[in-house]
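Undergrad:
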Amino acid sequence: MTSTMTSTVTDSTVINTMTKTMPADLPSRYEIRNLGPEHSDWALAILCHTNIFYGPLWSSNYKGTEAVRRCLALYEHARYLVDHQIESGFSFGVFDKEYKPKRPESSSPSTTTADGGGGGGGKLYWDIHADPATLSASALLDAMDFPLVSIALSYDSIHPLDPARLAPLAPVLPAYGEGFARLIANDARDPASWRATAPLQVLFRNATSTRRDYEGRGLMKGLAHWLMRWAAAMGFRGIQIEAFNDAVAKVWTHPPPPFGGEAVSEVRTGEVVVEEGDGSVRRPFGESTQTLTRCYVTLK
1 MTSTMTSTVT DSTVINTMTK TMPADLPSRY EIRNLGPEHS DWALAILCHT
51 NIFYGPLWSS NYKGTEAVRR CLALYEHARY LVDHQIESGF SFGVFDKEYK
101 PKRPESSSPS TTTADGGGGG GGKLYWDIHA DPATLSASAL LDAMDFPLVS
151 IALSYDSIHP LDPARLAPLA PVLPAYGEGF ARLIANDARD PASWRATAPL
201 QVLFRNATST RRDYEGRGLM KGLAHWLMRW AAAMGFRGIQ IEAFNDAVAK
251 VWTHPPPPFG GEAVSEVRTG EVVVEEGDGS VRRPFGESTQ TLTRCYVTLK
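Using the UniProt record's numbering, the first residue of the sequence shown is number 1, and each one after it goes up by one.
(1) Thinking C-alpha only, which one of LEU72, VAL274, LEU299 is nearest HIS49?
(2) Using the C-alpha atoms, what's the distance from GLY235 back to ILE184?
(3) Can we say the stretch 250-257 touches the stretch 211-224, given the rule of at least three CB pairs closer than 8 Å?
(4) Would you report the Cα separation of residue 332 and PRO101, rounded to the nearest angstrom?
(5) For ASP156 and ALA263, I'd like the C-alpha separation in whole angstroms.
(6) Rounded to the nearest angstrom, what separates GLU178 and TYR62 at their Cα positions?
(7) Can you name the start and end residues of the alpha helix (DSSP H) that LEU47 belongs to?
(8) Closer than 8 Å by C-beta to PHE259: which residues in its own chain qualify, once you throw out the five before and the five after it? Chain order, please.
(9) Whole-angstrom Cβ separation of ALA43 and VAL82, contact assumed at under 8 Å?
(10) Alpha carbons only, please: which of GLY89, LEU141, TRP230, PHE180 is nearest the one belonging to PRO163?
(11) Over the uninterrupted beta strand (DSSP E) stretch that includes GLU266, give me the two end residues.
(12) Buried or exposed for GLY216, going by 16 or more other Cβ atoms inside 10 Å?
(13) Please return the same chain residues whose Cβ sits closer than 6 Å to the Cβ of ARG237, not counting the five positions on each side in sequence.
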């Protein structure tokens, strides 16, 4: 954890205790845990794989070998995005306690990189230098041999992400920055009405992903509702998340009582056309028709 965050983030013992005692609406085989540095590779792989291959914005523009290339490039350049949030102490994951590694070496002491579920252990077998033409979404998923199955990355907004360190993402996913910029521009709220002025006021969410082989089990919704209760108990008054997926937007704009949710900004990507100085037109979101939504949940 960085020195800047150490002085302001609630003691990790308190976070871990609340994580273990806060009830979750998930089947007993799953457990929500606070993510640590040992989970960084796994969380990053889940984020890259689910977004590039199955996220509506990206999958409409990148297919086949190009999608694989973008996935591996994102894995190479999005480390800071993941680590900043894990280091904050406010990022969580759903673990399958009954997970059985596919490969014997995934359980061996020399390759185990994090606390696992079921038989323990786990490992990621991605090679960013591999020829994208030899890989596929299914092959990359098969190489994700670990028990972490869903993630919800977050950070205290008083400690924002550094735009300069996010710059390497621009060539990989140009629409990422464009989407956020337009969501900010379309947000009509008075910043003073919601922005944090001190720690533990507004939690920012940035990365909601469930592994493809665990979709349809209610893990994203269960983790989201758990996080709302957890953040409220920690003293946060609000949570903000930019949703690039309809299902995520629905969960965060329709939270369980007593919380209130709303869409404070939207971008209809299929309608965005930019006229350049030479008279040509550009569609910054390509073939996408996905609506991007900035959601805000009022906790108190």
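No residue lacks a Cβ here, since even glycine has one placed at the ideal position from N, Cα and C.
TA: Put simply:
(1) LEU72
(2) 25 Å
(3) yes
(4) Within the shown structure, residues of the chain are numbered from 1 to 300, placing residue 332 beyond reach of any answer.
(5) 20 Å
(6) 17 Å
(7) 40-54
(8) MET228, ALA232, VAL297, THR298, LEU299
(9) 5 Å
(10) PHE180
(11) 260-268
(12) exposed
(13) GLN201, LEU299, LYS300
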